[in-house]
Each structure stands twice: as structure tokens, then as C-alpha cells.
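From first to last, the protein sequence lines stand for chains A and Z.
Take the first sequence: its position 137, counted from the start at 1, is 137 in full-length UniProt numbering, and no numbers get skipped.
Take the second sequence: its position 91, counted from the start at 1, is 91 in full-length UniProt numbering, and no numbers get skipped.
Here a beta-carbon is modelled for each residue, glycine too, at the ideal position from N, C-alpha and C.
Protein chains: 2
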Amino acid sequence: MEEPRWLDEREDRAWRGYRRMRRLLDLELARELTQDAGLSEPDYDVLSDLSETPDQRLRLSELADRMLWSRSRLSHHLSRMQQRGLVTREECPADGRGSVVALTPAGRQAIEAAAPGHVAAVRRHLIDLLTPEEIEALGALTHRVVDHLAGDHRRRGRAEG
Amino acid sequence: MEEPRWLDEREDRAWRGYRRMRRLLDLELARELTQDAGLSEPDYDVLSDLSETPDQRLRLSELADRMLWSRSRLSHHLSRMQQRGLVTREECPADGRGSVVALTPAGRQAIEAAAPGHVAAVRRHLIDLLTPEEIEALGALTHRVVDHLAGDHRRRGRAEG
DNA sequence: GCAAGTTGGTTGACATGTCATCGACCGTAG
DNA sequence: CTACGGTCGATGACATGTCAACCAACTTGC
Chain A
1 MEEPRWLDER EDRAWRGYRR MRRLLDLELA RELTQDAGLS EPDYDVLSDL SETPDQRLRL
61 SELADRMLWS RSRLSHHLSR MQQRGLVTRE ECPADGRGSV VALTPAGRQA IEAAAPGHVA
121 AVRRHLIDLL TPEEIEALGA LTHRVVDHLA GDHRRRGRAE G
Chain Z
1 MEEPRWLDER EDRAWRGYRR MRRLLDLELA RELTQDAGLS EPDYDVLSDL SETPDQRLRL
61 SELADRMLWS RSRLSHHLSR MQQRGLVTRE ECPADGRGSV VALTPAGRQA IEAAAPGHVA
121 AVRRHLIDLL TPEEIEALGA LTHRVVDHLA GDHRRRGRAE G
């Protein structure tokens with residue numbers, strides 16, 4: 001057990017700031033989204049990903065991978081969204097095991113109604129508070145971290161080790 | 001309903017990167033923490049806040065405010081941690097309604113055992129991947145966003161409006 | 001000193017996420 | 001063709017977080 005390199009003052013400030021921002025931003029965006037559109041953030045993400053897809057439909061596993069969700073979580077969540085009439089499940093023609101999620105008209109309507117307000121909130125509480133340089137830096141830095149982590153994560157999807 | 005200002009390419013890159021990083025970093029840090037120390041991130045945060053306090057103890061409401069948790073969440077979580085012997089509840093001498101959480105020896109031992117590995121993981125997956133300029137920028141930007149959000153959040157604690 | 005309103009914390013019901021497991025189906029080696 | 005191992009998605013049990021209701025104790029105005 002060697003004495004670790006603790007975070008120095010600037011590092012600590014960045015780390016604590018990140019975690020605090022994370023929490024507050026999440027709370028606020030979720031709050032506005034529920035209030036204005038009756039959707040949770042996970043709902044929004046599912047609908048958003050589906051609506052950006054050419055045919056408004058995706059294989060479950062494909063959607064799960066894009067969202068970095070477990071298949072189980074997605075399955076549970078889709079069941080709830082299906083109850084509310086936002087999405088439907090269809091059989092997958094290409095693979096008898098699989099299924100396909102599709103946006104319903106109500107789902108499409110929900111995301112179209114929610115999107116402008118949500119983007120505005122993201123601007124108001126984050127993007128518009130940053131300088132162009134900061135936006136650039138944030139893009140660069142997050143993508144570097146993601147690339148670093150993504151390898152492990154994908155690898156871990158297959159087997160533990 | 002006016003057409004909103006959608007995110008441009010750089011803004012979108014920053015926003016998506018942030019959310020992806022958020023998710024992956026969280027998964028990885030939580031995974032290592034559980035594996036190496038048998039603690040969840042919320043456990044770690046509670047123990048960490050308590051251990052940084054002079055007397056190793058805090059009023060529930062004080063701790064909840066620091067962590068940006070609801071009182072209810074904290075109460076539930078402390079019950080679970082109490083079960084595991086990491087903390088205890090004590091009566092508050094100054095206010096008969098209140099109570100005080102205190103670190104147990106086991107709790108102190110747990111956080112001391114967990115901290116070096118956790119800090120190392122934070123370095124490995126985030127801090128050490130950034131340039132000094134980026135760390136500086138991240139600190140500045142997150143604190144600006146937090147300040148912007150903190151007002152609303154505190155205000156909302158009292159009354160809805 | 002007491003009635004009314006506020007605050008601190010707990011609780012129970014419920015929503016959500018995780019983990020382990022399962023059945024069905026796929027692909028491939030024999 | 002068939003047996004085998006791996007993948008797809010669903011499910012049930014459980015951990016965690018949220019929300020609303022609650023009790024008890026504090027505070028304030030009279």
C-alpha cells in the first residue's frame with residue numbers, strides 16, 4: 001500500500017465541480033422535462049434515438065448498445081413505454097430471437113413536442129453559459145475520456161476478465 | 001411555438017460527449033469501487049463527507065444539503081449503511097427533532113481502505129487524461145454552471161414557484 | 001404559555017435499475 | 001442433420017431512489 005497521489009487543489013476543484021454539476025444539471029433537466037412534456041430523461045433518450053433513425057425502428061440490442069444500457073434495463077423500460085403507447089414491439093424478420101422497437105405516432109408526437117423545450121433547457125443551463133473555447137474543450141476532453149473507457153466497456157460486454 | 005435554436009455541430013459534440021462520459025465513467029468507477037472496496041458510490045460519498053468533518057459526525061440535514069440529496073434518500077440510505085455497521089445515528093443535543101450521523105470505526109476503516117484506490121481510478125480514467133488547461137477549464141466551467149443552478153435549487157427547497 | 005405554522009426526520013408505496021437466470025433461436029463443427 | 005456453445009430478449013427477485021404523508025419538536029405572535 002503506497003501513498004497515492006491525491007488530487008491537488010485544481011484537480012479537486014474540477015472533480016468536485018463535475019460531480020456537483022452532474023447532479024444539479026440532471027435534477028433540473030429532469031424536472032423541466034417531466035413538467036413540460038411528461039417524459040423522464042430515459043424516455044426522452046429512447047424516443048430521441050428512435051426518431052433519429054431512418055425507419056423509426058431499431059433492434060433492441062442495437063438501441064441498447066447506442067444508449068449504453070443493459071438489455072435488461074431496456075427491456076423493462078420499453079415495457080413501461082409500451083404501456084403508455086409510446087413505442088411498440090415487432091418481430092424481427094431477420095432473426096427469430098430478436099425484436100424491433102418502433103416509434104408509434106404518439107411517441108413521435110411526444111418527442112417532437114418535447115424536443116424544443118429540452119434543447120432550450122440544455123442551452124439555458126449549460127451550453128449558453130460556456131464560451132466557444134470551453135465548448136470546444138469540453139467536446140475534446142469528453143471524447144478522449146470516452147475513447148479511453150469505451151474499449152474496456154465493450155470488451156467487458158463479451159467476457160469478464 | 002417558435003423554431004428553437006438547435007445545437008450546432010460543436011455544441012452537439014460537447015453535449016453528447018458529456019453524457020457519454022458521464023455514463024461510462026460512472027459505470028467504471030462504480031464497478032471498481034464495488035469490486036475493490038465493497039462500497040457503492042453513494043456509500044463512498046457519505047463516508048467521505050463524514051470523514052472530512054472534524055468530529056466525524058454531522059446533522060442529517062447538513063449532510064443532505066452538502067450532498068444535494070433529499071432527506072428521504074439520506075434517511076433510507078443511512079438505514080442500510082447502519083445495518084452494515086458503517087455509521088450510527090445519535091440524538092441531537094441541540095434540537096430534539098434532529099439526529100446526527102457518526103462514522104463507526106468500521107466506517108472509518110472502510111473509507112480509508114477505499115480512498116487510495118478510488119482516487120487512483122479517478123486519475124486513471126479522468127484526471128490524468130486531461131491537460132492542465134483542460135483541468136482548469138473544467139473547474140471553471142462546472143463551477144459557473146453550478147452557481148447558475150444552485151440558486152434555483154436552494155430556492156426550490158423552500159417553496160415551489 | 002399556547003395555538004398555528006414550520007422544520008427535521010421517518011416511513012410506506014411505488015418507480016426505476018441491476019443481477020442472475022431462462023427459453024428460444026442462431027451458427028458451426030462433426 | 002444434430003449437438004453444442006453463444007446470443008437475444010424476457011422475467012423475477014432484489015437494491016435503490018422518489019414522492020407524499022406523517023409525527024414530533026421547534027418558533028413565533030398573541
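For this session: Entirely within the stretch 45-121 of chain A and at least 3 residues each: give me those beta strand (DSSP E) ranges in chain order.
Result: When DSSP assignments are scanned along the stretch 45-121 of chain A, the uninterrupted stretches of beta strand (DSSP E) that are 3 or more residues long and fall wholly within it turn out to be 57-59, 87-91, 99-103.
Exercise. What are the boundary residues of the alpha helix (DSSP H) that includes Asp-26/A?
Worked result: Position 26 of the first sequence, counted from the first residue, corresponds to residue 26/A. That run of the alpha helix (DSSP H) goes 9-37.
For this session: Determine the DSSP secondary structure at Thr-142/Z, reduced to helix, strand or coil.
Result: Counting from one through the second sequence, the residue named residue 142/Z turns up at place 142. Three-state DSSP puts Thr-142/Z in a helix.
Exercise. When the Cα of Ala-30/A is compared with those of Gly-117/A, Asp-55/A, Thr-142/A, which residue comes out closest?
Worked result: Numbered from 1 along the first sequence, position 30 holds the residue referred to as residue 30/A. Looking at the Cα atoms, Gly-117/A is the closest of the given residues.
Exercise. Does the Cβ-Cβ distance between Leu-49/A and Arg-66/A come in under 8 Å?
Worked result: To locate residue 49/A, count along the first sequence from 1; it is residue 49. To locate residue 66/A, count along the first sequence from 1; it is residue 66. Looking at the sequence itself, residue 49/A is Asp, so the reference to Leu does not match. Against a cut-off of 8 Å, the Cβ pair of Arg-66/A and Asp-49/A comes out as a contact.
Exercise. Roughly how far, in whole angstroms, is the beta-carbon of Leu-149/A from the beta-carbon of Leu-25/Z, given that I think they are within contact range, below 8 Å?
Worked result: Here the question's residue 149/A lines up with position 149 in the first sequence. Here the question's residue 25/Z lines up with position 25 in the second sequence. Contact flag correct, Cβ pair sits at about 7 Å.
Exercise. Mind checking Glu-11/A: buried by the 16 CB within 10 Å criterion, or exposed?
Worked result: Your numbering for residue 11/A matches position 11 in the first sequence. It is buried - the Cβ of Glu-11/A has at least 16 other Cβ atoms within 10 Å.
Exercise. Taking one C-beta from the stretch 73-82 of chain Z and one from the stretch 110-128 of chain Z each time, how about it: are there three or more such pairs within less than 8 Å?
Worked result: Not touching, per the Cβ criterion.
Exercise. Along chain A, which residues have their Cβ under 7 Å away from the Cβ of Met-21/Z?
Worked result: The residue labelled residue 21/Z in the question sits at position 21 within the second sequence. Counting only Cβ-Cβ distances below 7 Å, Met-21/Z has contacts in chain A at Thr-142, Val-145, Val-146, in chain order.
Exercise. For Arg-155/A and chain Z, any beta-carbon pair shorter than 8 Å?
Worked result: Locating residue 155/A in the first sequence gives position 155, where the first residue counts as 1. Against chain Z, the CB of Arg-155/A has no partner CB under 8 Å away; the residue lies outside that interface.
Problem set entry | Contacting residues, own chain, Cβ-Cβ under 6 Å from Gly-107/A (five flanking each side not counted) | Position 107 of the first sequence holds residue 107/A. So the qualifying residues of the chain are Leu-47, Leu-86, Val-87.
Exercise. Using a beta-carbon distance cut-off of less than 9 Å, what residues from the stretch 23-50 of chain Z approach chain A?
Worked result: Within the stretch 23-50 of chain Z, Arg-23, Leu-24, Leu-25, Asp-26, Leu-27, Glu-28, Arg-31, Asp-45 place their CB atoms closer than 9 Å to a CB of chain A, listed in sequence order.
Exercise. What in chain Z is Cβ-close to Ile-135/A, meaning under 8 Å?
Worked result: If you number the first sequence from 1, residue 135/A lands on position 135. Near Ile-135/A (Cβ distances below 8 Å), the residues of chain Z are Arg-10, Glu-11, Ala-14.
Exercise. How should Ser-70/Z be labelled, buried or exposed, when 16 other C-beta atoms within 10 angstroms of its C-beta is the threshold for buried?
Worked result: Translated into positions along the second sequence, residue 70/Z becomes position 70. Label assigned to Ser-70/Z: exposed.
For this session: Find out if the Cβ-Cβ distance for the pair Tyr-18/Z, Leu-33/Z is shorter than 8 Å.
Result: As a working note, residue 18/Z is residue 18 in the second sequence. As a working note, residue 33/Z is residue 33 in the second sequence. Result no, Cβ atoms of Tyr-18/Z and Leu-33/Z do not sit closer than 8 Å.
Exercise. Cβ atoms of Ser-99/Z and Leu-60/Z: under 8 Å apart, would you say?
Worked result: Position 60 of the second sequence, counting from 1, holds the residue named residue 60/Z. Position 99 of the second sequence, counting from 1, holds the residue named residue 99/Z. Contact: yes.
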